[in-house]
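Undergrad: Okay, so the sequence shown: first residue is 1 according to full-length UniProt numbering, each after it adds one.
Handing you this structure, nothing more for now.
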Amino acid sequence: MIHTILLESFRKYSDLVAIHCDGKEVTYTELYNQAESLTCQFSDLGVPKGSHICLFMSNCVEFISCFFAVNAYGSVVIPVQPNISMKKLSELCQAYHIGMIITKGSNAKISVEELKEYHCSASVYEVLENSISCKYSPYRPIHSGSLNNDLALILFSSGTTGRPKGIMLSNKNILSNVRAISEYLQLNQKDRLLLVKSLSHASSITGEMLVALLNGCELCITEKVITPSSISQIITKQSITVFFAVPSILNMIMYSRQRLKFDFSSLRIIHFYGEPISEHNLLEIDRSFPHVNLIYSYGLTEASPRVTYIPKEELLRKRGSSGKPIRDVQVRIMDEEGKIREQVHVTGLIGVEGPGVMLGYYNVNSTDQRGDRASLLITGDLGYMDEEGYLYVVGRKDNMFTYMGKNIHPEEIEKIITAYPGIKESVLKAEERNQTGAIRMVAEVVCENRTEVTKIELINHCKIYLEDYKIPHEIVFVDELERNPNGKILRKKG
1 MIHTILLESF RKYSDLVAIH CDGKEVTYTE LYNQAESLTC QFSDLGVPKG
51 SHICLFMSNC VEFISCFFAV NAYGSVVIPV QPNISMKKLS ELCQAYHIGM
101 IITKGSNAKI SVEELKEYHC SASVYEVLEN SISCKYSPYR PIHSGSLNND
151 LALILFSSGT TGRPKGIMLS NKNILSNVRA ISEYLQLNQK DRLLLVKSLS
201 HASSITGEML VALLNGCELC ITEKVITPSS ISQIITKQSI TVFFAVPSIL
251 NMIMYSRQRL KFDFSSLRII HFYGEPISEH NLLEIDRSFP HVNLIYSYGL
301 TEASPRVTYI PKEELLRKRG SSGKPIRDVQ VRIMDEEGKI REQVHVTGLI
351 GVEGPGVMLG YYNVNSTDQR GDRASLLITG DLGYMDEEGY LYVVGRKDNM
401 FTYMGKNIHP EEIEKIITAY PGIKESVLKA EERNQTGAIR MVAEVVCENR
451 TEVTKIELIN HCKIYLEDYK IPHEIVFVDE LERNPNGKIL RKKG
């Protein structure tokens, strides 16, 4: 069970600070006692074992204590970002059989009247440190949503349309990933880890929160709005040693005018993930933080989430690579029929095998994500392996489109554009013109300084490295790329 992480750390690191949140410090003993108290209250409330319990909170101490309490009680944690509408929350409660919503008034606004209006059957409770009180209890009692005793966590896919799929992860899935990540990070009790991404994500829960607490580290979180300046301020003030971020956040810090006001000398690891990073930006980060070990990782929620990692020395040597598999994980390159491709440098679908592979999608037949073996997960990403066993991710199969009878992988073109000096990030969109269905390739580009790069320069740069049919028809300079609530770039119009 996941909660054994807290139990082990309570015994080893009882007096050390476990969590620092906006000036408030909580020791491992205090965190353990809070979780134990909440677990007992679930029993007093008559919550059935196996119930699906939604944590509707921002990053706070109460989220973490509730997370361990729900798991220790034998129920299923369903974290939901607290910025969604009450209508959306009600729909999730119905679709995923959520019987109980736990919120915290200071950072997540629950409208009971709206929930009633949308016929939400879940009970709503508010948590304050180590106690919970009922805000709303409908006629129907809290119910059990799953008979799978090993199901620990349901997280949502980052789809941009329709209802996101619920990804079912077991205790075994999560624990195997936590221990493998701990192995390559080599953390110690003196480390202070900064977590800024929402705790509704697998990367934040598995790769940051649980990894930090397993290793007796101090986990720093904040309920405040995140900005490049606030992140830099926390790193400086709290002497952060390990910082987790997606490349877009790193870029914002790198190119912030206030960056030189802050002290980053305490950092020893910057771990980034979630999206590719351009060679130009990688070299800029390396020049800015020469004393820091830059670690990049590839993964997906369906794999709990880490699949591969690559440390700084290999990242600079094997530019563009996502690294080698973490412990106990195997990466396969598959053809369209699901057969393994043994050749190196041959692009195919990326398949993943290992103890982190999800149980499946909630109430969805997920056989389309499996190969011939039940343990094999077909990720939907395209990539290849080199002769040394390093993985290179080319792009998403879903992002591919056809132009002039040829397959176009937008990530390849974006990589070339972003390699040009002064470019922070880009996205290539395929727009259909008129009723003919003709494709027009439009590259949206974010610059460090708009006046230093011209459209003609970028087109000429693309002509050097790309075939004629891959050259964007139009370059559009934008202040920022449009993203979904999970921070992933939106590629589709409308």
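Don't be surprised by glycine CBs; every beta carbon is placed ideally from N, CA and C.
Being a predicted model, the structure only gives us computed values, none of them experimental.
Short of 7 Å in beta carbon distance, which residues of its chain neighbour T161, apart from the five on each side in sequence? Order them along the chain.
TA: Counted from its first residue, the sequence shown places residue 161 at position 161. A caution first: T161 carries a pLDDT of 43, below 50, which makes its placement in the model unreliable, though a value can still be read off. For T161, where only same-chain residues beyond five positions count, there are no Cβ hits under 7 Å.
Undergrad: Along the chain, where does the beta strand (DSSP E) containing Y403 start, and where does it finish?
TA: For this step, residue 403 is matched to residue 403 along the sequence shown. Counting along the chain, the beta strand (DSSP E) containing Y403 begins and ends at 401-403.
Undergrad: Can you check which of these residues, V453, S9, S426, L267, is closest to G216 by C-alpha distance?
TA: What you label residue 216 is simply residue 216 of the sequence shown in a count that begins at 1. The candidate whose alpha carbon is nearest that of G216 is S9.
Undergrad: Using a threshold of 9 Å, state whether the C-beta atoms of I174 and G299 are closer than that.
TA: The residue labelled residue 174 in the question sits at position 174 within the sequence shown. The residue labelled residue 299 in the question sits at position 299 within the sequence shown. For I174 and G299, no; Cβs fall outside 9 Å.
Undergrad: May I have the straight-line CA-CA distance separating G371 from G338, to the nearest angstrom?
TA: Along the sequence shown, one-based indexing puts residue 371 at 371. Along the sequence shown, one-based indexing puts residue 338 at 338. Confidence at G371 is low in this model, with a pLDDT of 45, below 50, so the placement of that residue should be treated as unreliable; the coordinate-derived value is given next. Cα-Cα distance, rounded: 6 Å.
Undergrad: For Y361, name the three-state secondary structure that DSSP assigns.
TA: Within the sequence shown, numbered from 1, the residue matching residue 361 stands at position 361. Here Y361 sits in strand by DSSP.
Undergrad: Between D150 and N171, how many whole angstroms is the CB-CB distance? I'm expecting something under 8 Å.
TA: The residue labelled residue 150 in the question sits at position 150 within the sequence shown. The residue labelled residue 171 in the question sits at position 171 within the sequence shown. Confirmed, Cβ separation roughly 6 Å.
Undergrad: In chain order, which beta strand (DSSP E) runs of at least 3 residues are fully inside the region 282-324?
TA: 293-299, 306-310
Undergrad: Pull up the distance between the alpha-carbon of D479 and that of K424, whole angstroms please.
TA: Sequence index remark: in the sequence shown, residue 479 carries index 479 (1-based). Sequence index remark: in the sequence shown, residue 424 carries index 424 (1-based). Roughly 10 Å separates the two Cα atoms.
Undergrad: D386: which of E62, K324, R179 sits nearest, CA to CA?
TA: For the purposes of this step, residue 386 is taken as the residue at position 386 of the sequence shown. Here the closest residue by C-alpha is K324.
Undergrad: Pull the bridge partners of Q343 from the DSSP assignment, please.
TA: Within the sequence shown, numbered from 1, the residue matching residue 343 stands at position 343. DSSP lists no partner for Q343.
Undergrad: Ignore the nearest five residues each way along the sequence and tell me which others in Y73's own chain have a CB closer than 8 Å to its CB.
TA: By 1-based counting over the sequence shown, the position of residue 73 is 73. Within the same chain, Y73 has close Cβ partners T39, F42, S43, V47, K49.
Undergrad: Do the CB positions of L153 and I2 come within less than 9 Å of each other?
TA: Start at 1 with the first residue of the sequence shown, and residue 153 comes out as number 153. Start at 1 with the first residue of the sequence shown, and residue 2 comes out as number 2. Yes, Cβ-Cβ distance for L153 and I2 is below 9 Å.
Undergrad: If you check the beta carbons only, do S137 and L115 fall under 9 Å apart?
TA: Against the sequence shown, residue 137 aligns to sequence position 137. Against the sequence shown, residue 115 aligns to sequence position 115. No, Cβ-Cβ distance for S137 and L115 is not below 9 Å.
Undergrad: In terms of residue numbering, what span does the alpha helix (DSSP H) encompassing Q233 cover?
TA: Residue 233 sits at position 233 when you count from the first residue of the sequence shown. Its alpha helix (DSSP H) spans residues 228-237.
Undergrad: For Q39, which three-state DSSP category applies?
TA: Against the sequence shown, residue 39 aligns to sequence position 39. It should be pointed out that residue 39 corresponds to Thr in this sequence rather than to Gln. T39 falls in the helix class under three-state DSSP.
Undergrad: For the pair the region 76-84 and the region 235-246, tell me if three or more CB-CB distances fall below 8 Å.
TA: no
Undergrad: In angstroms, rounded to a whole number, what distance separates the CA positions of A419 and E467?
TA: The sequence position of residue 419 within the sequence shown is 419, counting from 1. The sequence position of residue 467 within the sequence shown is 467, counting from 1. One C-alpha to the other measures close to 17 Å.
Undergrad: Let's test the definition: count the other Cβ atoms within 10 Å of the Cβ of M358 and tell me whether it reaches 16, buried, or not, exposed.
TA: Position 358 of the sequence shown holds residue 358. It counts as buried.
Undergrad: Could you please give me the residues that DSSP links to E431 through a beta bridge?
TA: In the sequence shown, counting from the first residue as 1, residue 431 sits at position 431. According to DSSP, which records beta bridges pairwise, E431 is partnered with R440.
Undergrad: If you measure between the beta carbons of V211 and I181, is that distance less than 9 Å?
TA: Position 211 of the sequence shown holds residue 211. Position 181 of the sequence shown holds residue 181. The answer is yes: Cβ separation under 9 Å.
Undergrad: Would you kindly work out how many angstroms separate the C-alpha atoms of L213 and V442, rounded to a whole number?
TA: Mapped onto the sequence shown, residue 213 falls at position 213. Mapped onto the sequence shown, residue 442 falls at position 442. Their Cα atoms are separated by approximately 45 Å.
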